[in-house]
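Here is the structure we will look at, set down as structure tokens.
Protein chains in written order, with my numbering: chain A, 1 to 164; chain B, 165 to 826.
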């Protein structure tokens with residue numbers, strides 16, 4: 001309920017304070033290394049999947065924190081060395097753990113997370129179909145034509161109303 | 165003195181809320197007319213008291229009264245006046261007070277605009293709102309009092325978070341809260357209907373415009389927040405699947421399901437139980453969002469453990485509200501009639517499918533939001549769930565919704581025929597496929613996901629137009645096309661406009677996701693950079709001074725095909741009160757694209773006249789994202805103003821008055 005941005009404010013506070021350290025100045029030069037457009041595309045794609053660990057909730061593509069800049073530079077280096085995307089991701093996980101991945105790996109403790117949406121969808125649609133069937137039966141049961149006795153009583157009631 | 169008056173008014177309003185939350189409800193149950201009649205005056209009194217209290221806090225901000233802790237923490241004497249006013253909701257205590265203010269205003273509006281409703285119904289609706297208000301007033305009074313004094317007073321305030329010093333703060337939270345809290349009215353109507361045992365078409369018709377109003381505010385509030393993030397944060401993103409965003413998105417998804425389900429309940433008398441359940445769910449999710457954001461549980465489960473007072477209070481409140489509503493539901497639901505018969509292929513059936521899919525989408529977001537918290541709390545791992553996950557699971561659920569959106573309006577109530585629908589929409593499919601093939605090629609690169617997004621968007625627009633034409637043709641009765649078109653019911657026009665809004669939104673999301681381009685580069689004055697055919701020349705920075713900050717203002721010349729277009733002036737601001745520099749991006753907005761420049765840092769901190777790190781972006785169709793949201797809201801507004809909510813409601817009044825006397 002706290003509106004969206006107070007949180008983002010906190011993110012920025014952390015990131016930018018870290019940013020303000022003088023060591024940051026030299027790291028900004030990495031920007032100049034952006035020569036190869038194909039490698040840059042890969043870098044962007046990879047860094048969008050990785051969490052900036054010192055920020056509250058920001059990937060390392062968007063973050064200007066020192067750590068994010070270092071990691072971008074490191075990924076750039078690994079791309080240059082001809083490492084595959086998987087190797088780079090594995091390297092990051094080995095160093096920082098699963099927490100660094102914005103796309104959690106499919107494993108024991110994330111099974112429910114990944115299967116959940118599919119299960120929900122199947123369950124939802126199955127319930128929907130079952131409901132429609134049951135409902136049709138119940139409506140049919142309620143809709144039975146009046147027996148002769150009921151019809152007679154209904155007519156009597158209507159007449160009574162008319163006479164009032 | 166004035167803060168004490170505000171505090172006192174807040175205490176009084178809690179007492180009034182307690183009266184409102186008890187006597188009218190008991191009165192409606194036991195038929196004590198005097199108690200029932202208390203509802204309107206009590207709701208009015210509650211609104212006046214809270215408004216007065218809010219005005220007192222605003223006064224403390226405007227007058228720079230730093231003897232109030234909350235003001236000292238969130239304001240500063242150099243803060244421009246508009247941000248001093250908006251600063252009232254710049255922190256926890258004040259935004260909670262805004263929440264309550266909105267709640268009491270909604271209650272007041274219901275009290276004013278419900279002359280045609282049966283008195284017992286009004287009493288139950290307002291009574292329920294009174295109870296909710298009472299809970300929140302206790303919360304603010306016991307855990308988050310904004311009027312607490314600071315002795316001795318601070319000489320100067322700590323200042324409002326610079327990130328919040330933006331027109332966005334003035335507009336976004338009030339809009340969002342109006343939407344959030346607005347669902348309490350739909351909730352109160354549902355509870356009132358359950359209490360009275362009268363879940364009928366009249367109930368659905370009364371709650372429809374209120375629910376729609378809340379939905380419109382929520383849509384605008386979320387869109388406004390997204391736009392603000394886009395221009396303020398300096399990296400051009402518009403949605404981050406952040407838990408705080410998800411907290412507002414979940415009620416939106418359920419609210420969207422609710423306005424569709426209410427339509428069925430009103431027109432066909434079906435899905436009554438389901439509609440009630442959705443109304444309860446929409447409001448419960450608003451409360452859950454409050455818990456997530458206010459308890460600190462999001463920052464970390466451990467932060468929650470160190471100061472659990474606020475979290476525990478909301479959690480208890482949440483459990484009490486959800487538990488009691490569901491208990492009431494369980495007691496009353498079995499007696500509710502089924503409504504009319506409908507076939508497997510029918511408007512009802514399609515709307516039910518829409519509802520199931522929206523609920524699944526919401527449950528998915530809920531799962532992704534809570535999952536990392538849960539497994540961390542259980543100690544079985546620390547993981548992140550971010551945009552790649554949400555995009556992967558969200559798109560497959562939304563795709564069928566968007567597809568069915570085109571078909572739904574063609575399906576007849578009760579029984580529809582698939583061949584008939586297929587015949588009516590086949591040209592829309594052709595248009596969709598053509599657009600999906602051609603448009604990506606026009607942009608140079610064809611991706612399957614881009615084609616899918618554009619196919620769905622074109623499909624929605626084309627079906628909406630075909631459906632509109634078909635209906636106008638059927639209702640012409642000898643009139644000209646235009647005359648017939650203009651006399652269509654507003655609910656119908658509004659529906660299609662909102663659906664087209666979705667399509668526009670989808671185009672924006674798809675295009676910016678597929679074809680945006682960016683460069684992250686260092687530039688010295690005189691150097692330039694190209695992105696997607698836009699040529700930026702950096703002319704250097706100069707120092708400028710704002711009311712409470714100093715800024716380095718960059719100057720860029722934007723050129724296309726060698727022709728000068730305009731100057732762009734991104735800023736890097738340093739506020740006097742905080743060490744954190746703020747980015748003010750410069751954006752050249754356009755119908756088909758934005759170009760966006762933001763200043764990073766000087767490469768050498770001591771030489772701002774030298775090289776700077778700069779980010780430039782090309783964002784095709786990005787404004788369609790928010791344009792789509794505005795169209796959705798506009799559609800909602802038109803539907804809400806449909807004549808029949810007023811005319812028929814009046815006609816219904818004498819009947820219900822009659823049953824009351826009996």
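C-beta atoms are modelled at their ideal positions from N, C-alpha and C, and glycine is treated no differently.
Whose Cβ in chain A lies nearer than 7 Å to the Cβ of residue i?
i	result
residue 539 of chain B	109
residue 527 of chain B	120
residue 513 of chain B	132
residue 517 of chain B	128
residue 552 of chain B	49, 102 and 103
residue 473 of chain B	Going along chain A, no residue has its Cβ under 7 Å from residue 473 of chain B, so there is no contact; the nearest lies around 16 Å.
residue 508 of chain B	132
Quick one: which chain B residues come within Cβ less than 7 Å of residue i?
i	result
residue 62 of chain A	399 and 401
residue 150 of chain A	Going along chain B, no residue has its Cβ under 7 Å from residue 150 of chain A, so there is no contact; the nearest lies around 18 Å.
Taking residue i as the query, report the chain B residues whose CB atoms sit under 8 Å from its CB, ordered along the chain.
i	result
residue 99 of chain A	546, 547 and 548
residue 71 of chain A	Under the 8 Å cutoff, chain B gives no residues; its nearest Cβ is about 14 Å from residue 71 of chain A.
residue 46 of chain A	Within chain B, no residue comes near residue 46 of chain A; the closest Cβ sits about 11 Å away, beyond 8 Å.
According to DSSP, what are the bridge partners of residue i?
i	result
residue 746 of chain B	B/737
residue 385 of chain B	DSSP lists no partner for residue 385 of chain B.
residue 65 of chain A	The partner list for residue 65 of chain A (beta bridge, DSSP) is empty, contrary to what the question assumes.
Taking residue i as the reference, which of the options has the closest Cα?
i	options	result
residue 325 of chain B	B/797, B/744 and B/753	B/744
residue 687 of chain B	B/739, B/763 and B/776	B/776
residue 354 of chain B	B/284, B/493, B/256 and B/454	B/493
residue 440 of chain B	B/285, B/367 and B/754	B/367
residue 175 of chain B	B/336, B/300, B/459 and B/497	B/300
residue 741 of chain B	B/168, B/604, B/556 and B/711	B/711
residue 136 of chain A	B/533, B/736, B/809 and B/505	B/505
residue 700 of chain B	B/708, B/311, B/734 and B/673	B/734
residue 108 of chain A	B/546, B/472, B/259 and B/495	B/546
residue 442 of chain B	B/487, B/404, B/548 and B/350	B/350
residue 166 of chain B	B/447, B/524 and B/310	B/310
residue 748 of chain B	B/610, B/329 and B/658	B/329
residue 319 of chain B	B/271, B/239, B/338 and B/624	B/239
residue 57 of chain A	A/139, A/99, A/142 and A/38	A/99
residue 457 of chain B	B/410, B/364 and B/648	B/410
Compute the beta-carbon to beta-carbon distance between residue i and residue j, rounded to the nearest angstrom, for a pair I have assumed lies under 8 Å.
i	j	result
residue 236 of chain B	residue 294 of chain B	Contact doesn't hold; Cβ gap of about 33 Å is too wide.
residue 96 of chain A	residue 53 of chain A	6 Å
residue 739 of chain B	residue 323 of chain B	7 Å
residue 304 of chain B	residue 261 of chain B	6 Å
residue 252 of chain B	residue 313 of chain B	Actually they do not touch by this definition, with Cβ atoms about 17 Å apart.
residue 615 of chain B	residue 601 of chain B	7 Å
residue 780 of chain B	residue 706 of chain B	In fact, because the Cβ distance is near 20 Å, the residues do not count as touching under 8 Å.
residue 184 of chain B	residue 210 of chain B	6 Å
What do you reckon, are the CB atoms on residue i and residue j nearer than 8 Å?
i	j	result
residue 697 of chain B	residue 724 of chain B	yes
residue 418 of chain B	residue 449 of chain B	yes
residue 568 of chain B	residue 428 of chain B	no
residue 509 of chain B	residue 597 of chain B	no
residue 789 of chain B	residue 402 of chain B	yes
residue 763 of chain B	residue 778 of chain B	yes
residue 226 of chain B	residue 264 of chain B	no
residue 433 of chain B	residue 459 of chain B	no
residue 798 of chain B	residue 618 of chain B	no
residue 627 of chain B	residue 589 of chain B	yes
residue 461 of chain B	residue 537 of chain B	yes
residue 387 of chain B	residue 334 of chain B	no
residue 101 of chain A	residue 50 of chain A	yes
residue 121 of chain A	residue 561 of chain B	yes
residue 658 of chain B	residue 803 of chain B	yes
residue 783 of chain B	residue 758 of chain B	yes
residue 113 of chain A	residue 104 of chain A	yes
residue 444 of chain B	residue 502 of chain B	no
Starting from residue i, find everything on chain A with Cβ-Cβ shorter than 8 Å and list it in chain order.
i	result
residue 505 of chain B	136, 139, 140 and 143
residue 561 of chain B	117 and 121
residue 502 of chain B	135, 138, 139 and 142
List the residues of chain B whose Cβ lies closer than 9 Å to the Cβ of residue i, in chain order.
i	result
residue 116 of chain A	527, 528, 531, 532, 535 and 557
residue 125 of chain A	517, 520, 521 and 524
residue 161 of chain A	Under the 9 Å cutoff, chain B gives no residues; its nearest Cβ is about 15 Å from residue 161 of chain A.
Do residue i and the ligand HEM come close, with the Cβ less than 7 Å from some heavy atom?
i	result
residue 266 of chain B	As presented, the structure is devoid of all ligands, the ligand HEM included, so that no description of it is given.
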